[in-house]
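Read the structure below first, then the notes.
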Amino acid sequence: MSVIIVYDRPSAEYLAGETVTGRVIVNVDQPTSIKEIRLILKGETKLDSILFLSHGTTLYSALMRLVNPPHEIFYKSKTQLLGGGDKPKHQDTKLEPGTHAYPFEFTLPATVPSSFTSKNTGRTLFSAKALVRWDKADDQSAESEMIVFEPVDLNLLLPHIAEPFAKTDSKYFWTLGSKSGPLTMSVRVPSQGYVPGETIPFEVEVDNKSTFVVHRVEVAVSQHVKYYFNLRKVPEFIKVAKVELEHSQVKGGEAKAFKHSITVPERTPPTVQNNKSKHVKWKYFLTANAVVDQGHINLRVSAPIVIGTLPVGATGGRAEVKGSPTSPPPYSKADQVSSDFIKTLI
Numbered sequence: 001m002s003v004i005i006v007y008d009r010p011s012a013e014y015l016a017g018e019t020v021t022g023r024v025i026v027n028v029d030q031p032t033s034i035k036e037i038r039l040i041l042k043g044e045t046k047l048d049s050i051l052f053l054s055h056g057t058t059l060y061s062a063l064m065r066l067v068n069p070p071h072e073i074f075y076k077s078k079t080q081l082l083g084g085g086d087k088p089k090h091q092d093t094k095l096e097p098g099t100h101a102y103p104f105e106f107t108l109p110a111t112v113p114s115s116f117t118s119k120n121t122g123r124t125l126f127s128a129k130a131l132v133r134w135d136k137a138d139d140q141s142a143e144s145e146m147i148v149f150e151p152v153d154l155n156l157l158l159p160h161i162a163e164p165f166a167k168t169d170s171k172y173f174w175t176l177g178s179k180s181g182p183l184t185m186s187v188r189v190p191s192q193g194y195v196p197g198e199t200i201p202f203e204v205e206v207d208n209k210s211t212f213v214v215h216r217v218e219v220a221v222s223q224h225v226k227y228y229f230n231l232r233k234v235p236e237f238i239k240v241a242k243v244e245l246e247h248s249q250v251k252g253g254e255a256k257a258f259k260h261s262i263t264v265p266e267r268t269p270p271t272v273q274n275n276k277s278k279h280v281k282w283k284y285f286l287t288a289n290a291v292v293d294q295g296h297i298n299l300r301v302s303a304p305i306v307i308g309t310l311p312v313g314a315t316g317g318r319a320e321v322k323g324s325p326t327s328p329p330p331y332s333k334a335d336q337v338s339s340d341f342i343k344t345l346i
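In case it helps, full-length UniProt numbering puts the sequence shown at residues 1 to 346.
The following block contains the structure:
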């Protein structure tokens, strides 16, 4: 016997509040009695307990985190596709040799958080597990993950989200008691709202009045993540996409300006909005990094951006960006956002 789960949407990407449809496909090579087929749906957040060890106050609390790592199940549902559990054996369903498909349909809650993956720290994931109980001792099962994004319609954040944004910062260098500088860098973006697959044009200006050399300028879409557990907060910085500007060395006394672009990777989870996860929150920035000599701190300048699921100008249907999710369910007036709320996103 073999069991697989097939989603009607090949990408297995959905928005919170959408309906998920698919089939559980069971293949048998001989007549087989089936007691039941059940689909178990689950959304959960798992964090690496090592992340919090350095933040514990006692050895006991550190050991408890190793034994009981942070884990939250925020969504769980069961759907019966065949049978009803512990029925008499003569009421089992007999499957003839061949392939048998059992359709399923369920609606994701509108309040679930977005899928999230960090290589070393934690995950928020959604999965469907098909469980087949039959006349053998061991049950057969199959499990398949889904990608779920919380809908963020950038049009609801207008006009603020469509406005250009610029950020400037500077620093001095200290060597043997003398001050050199300043090194000044500015970052400008034409707007602050983007969707996965969309290109972000940007400008970077570097004015180096120090005696040190800026060896190169790197620009990244960075995800600033905060993990929460037992009243503790641990940050992580993830480079979602990165480019190194060509010919970006800036010697002392020089000033250079650069125009370039960077693409938001597909399947980038949107900026947290009505996220119900207790343990993971994040924001996005376009960050320019002026790399200087070792022994000195680089100059970093970050422009806040918002990643959504429906781009500015789209009014319905699928977003016009390859690989992006479908549009969110219709919004009511109660879903309109305030300028104060927008500030929390960026």
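Don't be surprised by glycine CBs; every beta carbon is placed ideally from N, CA and C. Small disclaimer: the values here were computed from a predicted structure and weren't measured.
{"Check": "In angstroms with no decimal places, state the Cα-to-Cα distance between G181 and T45.", "Outcome": "46 Å"}
{"Check": "Tell me whether the beta-carbon of F74 lies closer than 8 Å to the beta-carbon of S248.", "Outcome": "no"}
{"Check": "Quick one: complete beta strand (DSSP E) runs, 3+ long, within the UniProt domain \"Arrestin C-terminal-like\" (179-312)?", "Outcome": "199-208, 216-229, 232-244, 255-263, 280-291, 299-307"}
{"Check": "For L131, which residues does DSSP report across the bridge?", "Outcome": "R38, S141"}
{"Check": "Would you call the segment 143-154 in contact with the segment 2-14, where contact means no fewer than 3 C-beta pairs closer than 8 Å?", "Outcome": "yes"}
{"Check": "For N289, which residues of its own chain have a beta-carbon under 6 Å away from its beta-carbon, when the five flanking residues on both sides are left out?", "Outcome": "E218, N298, R300"}
{"Check": "Would you mind sorting T268 into buried or exposed? The rule is 16 or more other CB atoms within 10 Å of its CB.", "Outcome": "buried"}
{"Check": "Going along the chain, which residues of its own chain have a beta-carbon closer than 6 Å to the beta-carbon of I4, five neighbours each way excluded?", "Outcome": "I25, A142"}
{"Check": "Among the residues of its own chain, which have a CB less than 8 Å from the CB of K78, if the five just before and after it don't count?", "Outcome": "R38, L39, I40, L41"}
{"Check": "E18 and L108 look like a contact to me (Cβ under 8 Å); what is the Cβ gap, rounded to whole Å?", "Outcome": "6 Å"}
{"Check": "Assuming R23 is part of the beta strand (DSSP E), what are its boundary residues?", "Outcome": "19-28"}
{"Check": "Would you verify that the beta carbon of T121 is, or is not, closer than 8 Å to some beta carbon of chain D?", "Outcome": "Structure shown: chain D not included; a single protein chain is present."}
{"Check": "Note down, in chain order, each residue of its chain lying with its Cβ closer than 8 Å to the Cβ of K256, except the 5 sequence neighbours on either side.", "Outcome": "E205, V206, S248, V250"}
{"Check": "In or out: V20 buried (at least 16 other Cβ within 10 Å) or exposed?", "Outcome": "buried"}
{"Check": "Within 10 angstroms of the Cβ of K283, are there 16 or more other Cβ atoms? Answer buried if so, exposed if not.", "Outcome": "buried"}
{"Check": "Looking at C-alpha atoms only, which residue of T111, K76, T121 is the closest neighbour of V234?", "Outcome": "T121"}
{"Check": "If you run the structure through DSSP and keep just helix, strand and coil, what is L81?", "Outcome": "strand"}
{"Check": "Express the C-alpha separation of F104 and K242 in angstroms, rounding to a whole number.", "Outcome": "40 Å"}
{"Check": "Check whether the segment 223-234 touches the segment 189-209, counting contact only when three or more Cβ pairs, one atom from each stretch, lie closer than 8 Å.", "Outcome": "no"}
{"Check": "So what's A101 in DSSP terms, helix, strand or just coil?", "Outcome": "strand"}
{"Check": "How about S118 and E150: are their beta carbons less than 8 Å apart?", "Outcome": "no"}
{"Check": "If F116 and F173 are in contact, beta carbons under 8 Å, what's the gap, nearest whole angstrom?", "Outcome": "Actually they are not in contact, since the Cβ atoms of F116 and F173 sit about 38 Å apart, beyond 8 Å."}
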